[in-house]
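Notes follow the structure.
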């Protein structure tokens with residue numbers, strides 16, 4: 216199964232500090248939703264876990280599908296997705312700013328989000344731009360709107376990365 | 014209104030030790046890590062905690078100057094009796 220994985224510079228996993236080799240299979244000691252296993256993203260999870268490097272990863276064995284990630288017993292990095300770069304992320308944050316303006320800019324009680332997201336764009340704090348845009352949608356339309364907005368963001372990213380359409 | 018799964022920065026600070034000790038439930042661990050993705054402040058705080066644990070974990074008793082050790086023990090004894 217092909218999935219995606221975010222890593223820090225030089226292929227280091229952000230939460231575990233594990234340095235991923237490219238092309239070699241990595242085996243997990245055990246598979247557990249959070250404490251064990253090879254963790255990866257579907258397309259729809261991309262905006263939730265945004266990191267510095269995006270890699271394509273092949274997962275093998277029994278893959279567990281969780282709400283916001285996949286967990287597998289084995290995985291190997293296939294290639295770094297070079298299109299995941301600052302230019303793309305800045306475009307993503309601007310997209311989120313536009314969505315926020317459209318969705319809550321006319322509502323006095325929520326219009327503060329517009330300035331917040333615009334500021335995140337300028338500060339180049341791209342992941343929080345996505346979070347704030349989804350949060351604004353949620354505050355307008357309820358919890359389901361958060362997930363819908365995240366899916367819209369995932370579709371924007373996947374399209375520009377040439378990775379297809381994320382499944383809901 | 015707050016997402017059921019969304020943690021605040023204050024909660025992150027409260028949970029950081031449990032996170033580093035691997036004591037969080039899987040759901041909480043995931044929520045914790047989700048927060049770190051977009052919150053630069055909490056991400057830095059976690060790194061500082063990791064660094065602090067790393068540095069203090071390497072301190073040997075012998076590296077403490079005797080005078081300082083005595084002052085610390087005195088303060089500790091005072092705290093215990095006070």
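Protein chains in written order, with the numbering used here: chain Y, 216 to 383; chain L, 14 to 95.
Positions of the beta carbon are idealized from the N, C-alpha and C atoms, including for glycine.
All of these numbers come straight from a predicted model, not from anything done at the bench.
Environment of residue i [buried if 16+ CB atoms lie within 10 Å]
i	result
residue 22 of chain L	exposed
residue 34 of chain L	exposed
residue 15 of chain L	Low per-residue confidence applies at residue 15 of chain L: pLDDT is 48, beneath 50, and the placement is therefore not dependable enough to give any value.
residue 81 of chain L	exposed
residue 253 of chain Y	buried
residue 240 of chain Y	exposed
residue 61 of chain L	exposed
residue 92 of chain L	exposed
residue 68 of chain L	exposed
Separation of residue j from residue i, as counted between CA atoms
i	j	result
residue 385 of chain Y	residue 360 of chain Y	Lying before the first or after the last residue shown, residue 385 of chain Y is absent from chain Y, which here runs from 216 to 383.
residue 257 of chain Y	residue 63 of chain L	30 Å
residue 216 of chain Y	residue 78 of chain L	58 Å
residue 275 of chain Y	residue 287 of chain Y	7 Å
residue 83 of chain L	residue 90 of chain L	10 Å
residue 299 of chain Y	residue 220 of chain Y	12 Å
residue 1 of chain L	residue 222 of chain Y	Outside the displayed range of chain L (14 to 95) lies residue 1 of chain L, so it cannot be described from this structure.
Cut-off 6 Å between Cβ atoms - residues of its own chain near residue i, not counting five sequence neighbours on either side
i	result
residue 265 of chain Y	342
residue 285 of chain Y	218, 255 and 278
residue 263 of chain Y	283
7 Å CB neighbourhood of residue i in its chain, flanking five on each side removed
i	result
residue 25 of chain L	45, 48 and 55
residue 332 of chain Y	311, 312, 315, 344, 347 and 348
residue 351 of chain Y	315, 318, 319, 325 and 328
residue 378 of chain Y	258
Under 8 Å between C-beta atoms of residue i and residue j
i	j	result
residue 434 of chain Y	residue 329 of chain Y	Outside the modelled stretch of chain Y, which goes from 216 to 383, sits residue 434 of chain Y, for which no answer is possible.
residue 309 of chain Y	residue 242 of chain Y	no
residue 307 of chain Y	residue 371 of chain Y	yes
residue 291 of chain Y	residue 273 of chain Y	yes
residue 19 of chain L	residue 283 of chain Y	no
residue 376 of chain Y	residue 355 of chain Y	no
residue 251 of chain Y	residue 260 of chain Y	no
residue 303 of chain Y	residue 271 of chain Y	no
residue 53 of chain L	residue 340 of chain Y	yes
Contacts around residue i, its chain only, beta-carbon distance under 8 Å, and the 5 residues preceding and following it disregarded
i	result
residue 66 of chain L	33
residue 380 of chain Y	258, 370, 373 and 374
One or two residues paired with residue i in a DSSP bridge
i	result
residue 270 of chain Y	Y:220 and Y:295
residue 251 of chain Y	Y:247
residue 275 of chain Y	Y:289
residue 234 of chain Y	Y:227
Near the ligand NAP: residue i beta-carbon under 7 Å from a heavy atom
i	result
residue 226 of chain Y	Absence of the ligand NAP from the depicted structure is noted, as is the absence of any ligand whatsoever, leaving it without description.
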